[in-house]
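Counting from 1 along the sequence shown, just add 968 to a position and that's the residue number in the working numbering.
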Amino acid sequence: MGDVALLACPACRGTLVFHGQEDEGCVSWGWLRCGGCAEAWPVKHGLARLFREDAVRGTDRLMRVIYDGLPALHDPLTTVLTPLLQFVSEAKMRAGYLRRMELGALRPSPDGTPLRVLEVGVGAGANLPLIRRELVSGQEVEVWGVDLSEGMLGRCQARLRKGRYPGVRLMVADGHSLPFPEGMFDRVLSVGGLGAYRDPAKGLRELARVAKPGTPIVVVDEQLDRTREPSLLQRAAFRAITFYTRDARCPRELLPSLATDVLEEQVSPFFYCLRFRMREPRAASVTG
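Spelled out as structure tokens, the structure:
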């Protein structure tokens, strides 16, 4: 329940208050009501639904339908098809972008504030064990995962029940309007979703907004490796998985104006990794 105070209304960034049923100190059923705009966000099966349905349209809606339809198949297919089509193991690909999060460099906050990691597009939680492995042993870190697909989050909940993943929070949310205040997270990750956003630039601004200044923000999505000549099979496979666009590529030019320390690299033949940080905004000077 204490986590509710950390959330922000996706509509107005106001404070949320929970009304409903709890289960072992966690929200179970009910509503999160905003004290600012009075918007009410439902909570069902332990998942807060912090998004507006009328805002889910175009490719956002299409991709949600697809992921809701195959949550049990997504991760097994990824594990099998990644080495077959890209000639690199899934584990090596994930390690390639997770190292850019610099999780081993996390240190306790001087003011005692818990360390927090956000994954947007957490899906079935395939990155969760790898994130835990990268953290310093004994380090207490909260991992927050959001996704627009309830089917994928249901698989992630099942993963959490089977394994030992303390400190993981899940919710249904739209990457265009994340339900968090500014500068809440010490690390931010987004994998395999930005290219299908109706407004990728807005999605990047949201990732930047909720990250603390200077923290690594890591974005991973589809882009065909330009340094290699792909086979016909690879071209066909890549076109199939990027059917939603004719221009699947790294959106470096859409980064917010205060982005710095930008690094773009290819972590597999089909996926780029874009790492950046946000500078502190300069205070406006006052002249007489």
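Yeah, the Cβ is synthetic: ideal placement off N, Cα and C, and Gly gets one too.
Boundaries of the alpha helix (DSSP H) in which residue i is found, first to last residue
{"i": "residue 1178", "result": "1168-1178"}
{"i": "residue 1124", "result": "1118-1130"}
{"i": "residue 1152", "result": "Per DSSP, residue 1152 belongs to no alpha helix (DSSP H) and is neither H nor E."}
{"i": "residue 1061", "result": "1058-1066"}
{"i": "residue 1037", "result": "1027-1037"}
{"i": "residue 1102", "result": "1096-1102"}
{"i": "residue 1206", "result": "1200-1209"}
Sequence-distant residues of its chain with Cβ nearer than 7 Å to residue i (five each side left out)
{"i": "residue 1012", "result": "997"}
{"i": "residue 1136", "result": "1096, 1111, 1113, 1128"}
{"i": "residue 1249", "result": "1226"}
{"i": "residue 1202", "result": "1053, 1237"}
{"i": "residue 1168", "result": "1162, 1219, 1222"}
{"i": "residue 1046", "result": "1058"}
Cβ distance (whole Å) where residue i is taken to contact residue j below 8 Å
{"i": "residue 1220", "j": "residue 1232", "result": "6 Å"}
{"i": "residue 1017", "j": "residue 1140", "result": "5 Å"}
{"i": "residue 1153", "j": "residue 1178", "result": "5 Å"}
{"i": "residue 976", "j": "residue 1148", "result": "6 Å"}
{"i": "residue 1089", "j": "residue 1042", "result": "Actually they are not in contact, since the Cβ atoms of residue 1089 and residue 1042 sit about 12 Å apart, beyond 8 Å."}
Chain-order list of residues whose beta-carbon lies under 6 Å from that of residue i (same chain, five-residue window excluded)
{"i": "residue 1193", "result": "1234, 1237"}
{"i": "residue 1182", "result": "1245"}
{"i": "residue 981", "result": "none"}
CB contact flag (residue i, residue j, <8 Å)
{"i": "residue 1190", "j": "residue 1163", "result": "yes"}
{"i": "residue 1095", "j": "residue 1066", "result": "yes"}
{"i": "residue 1102", "j": "residue 1184", "result": "no"}
{"i": "residue 1039", "j": "residue 1120", "result": "yes"}
{"i": "residue 1138", "j": "residue 1125", "result": "yes"}
{"i": "residue 1001", "j": "residue 1015", "result": "no"}
When the options are compared against residue i, the one with the closest alpha-carbon
{"i": "residue 1086", "options": "1157, 1104, 1095", "result": "1157"}
{"i": "residue 1003", "options": "988, 1025, 1051, 973", "result": "973"}
{"i": "residue 1166", "options": "1109, 1029, 1006", "result": "1029"}
{"i": "residue 1084", "options": "1099, 1056, 1122", "result": "1099"}
{"i": "residue 1024", "options": "1117, 1127, 1187, 1222", "result": "1117"}
{"i": "residue 1044", "options": "1057, 985, 1208", "result": "1057"}
{"i": "residue 1225", "options": "1168, 994, 1035, 1173", "result": "1173"}
{"i": "residue 1143", "options": "979, 971, 1008", "result": "979"}
{"i": "residue 971", "options": "1038, 1159, 1082", "result": "1082"}
{"i": "residue 1161", "options": "1048, 1210, 1180", "result": "1210"}
{"i": "residue 999", "options": "1005, 992, 988, 1215", "result": "988"}
{"i": "residue 1105", "options": "1115, 1122, 1076, 1130", "result": "1076"}
{"i": "residue 1159", "options": "1061, 1008, 1150", "result": "1061"}
{"i": "residue 1123", "options": "1131, 1133, 1093", "result": "1093"}
{"i": "residue 1151", "options": "1131, 1180, 1035, 1175", "result": "1180"}
{"i": "residue 1155", "options": "995, 1072, 1033", "result": "1072"}
{"i": "residue 1032", "options": "1050, 1006, 1115, 1064", "result": "1115"}
Bounding residues of the beta strand (DSSP E) (the contiguous stretch that carries residue i)
{"i": "residue 1079", "result": "Element bounds for residue 1079: n/a, residue is neither H nor E."}
{"i": "residue 986", "result": "984-991"}
{"i": "residue 1001", "result": "994-1002"}
{"i": "residue 1083", "result": "1083-1088"}
{"i": "residue 1234", "result": "1227-1236"}
{"i": "residue 1137", "result": "1136-1141"}
{"i": "residue 1244", "result": "1239-1246"}
{"i": "residue 1189", "result": "1185-1190"}
Same chain only: Cβ atoms within 8 Å of residue i, ignoring 5 sequence neighbours per side
{"i": "residue 1055", "result": "1237"}
{"i": "residue 1258", "result": "In the structure as shown, the chain begins at 969 and stops at 1256. Residue 1258 is therefore absent and cannot be evaluated."}
{"i": "residue 1068", "result": "1184, 1186, 1231, 1241, 1243"}
{"i": "residue 1256", "result": "Note that residue 1256 scores 45 on pLDDT, short of 50, meaning its location in the model is unreliable; the coordinates nonetheless yield the value given after this. Excluding sequence neighbours, residue 1256 sits near nothing in its chain."}
{"i": "residue 1196", "result": "1237"}
{"i": "residue 1108", "result": "1082, 1083, 1135"}
{"i": "residue 1198", "result": "1192, 1206, 1237"}
{"i": "residue 1051", "result": "1057, 1058"}
C-beta neighbour in chain D for residue i, strict 8 Å
{"i": "residue 1134", "result": "Among the protein chains of the structure shown there is no chain D, as only one such chain exists."}
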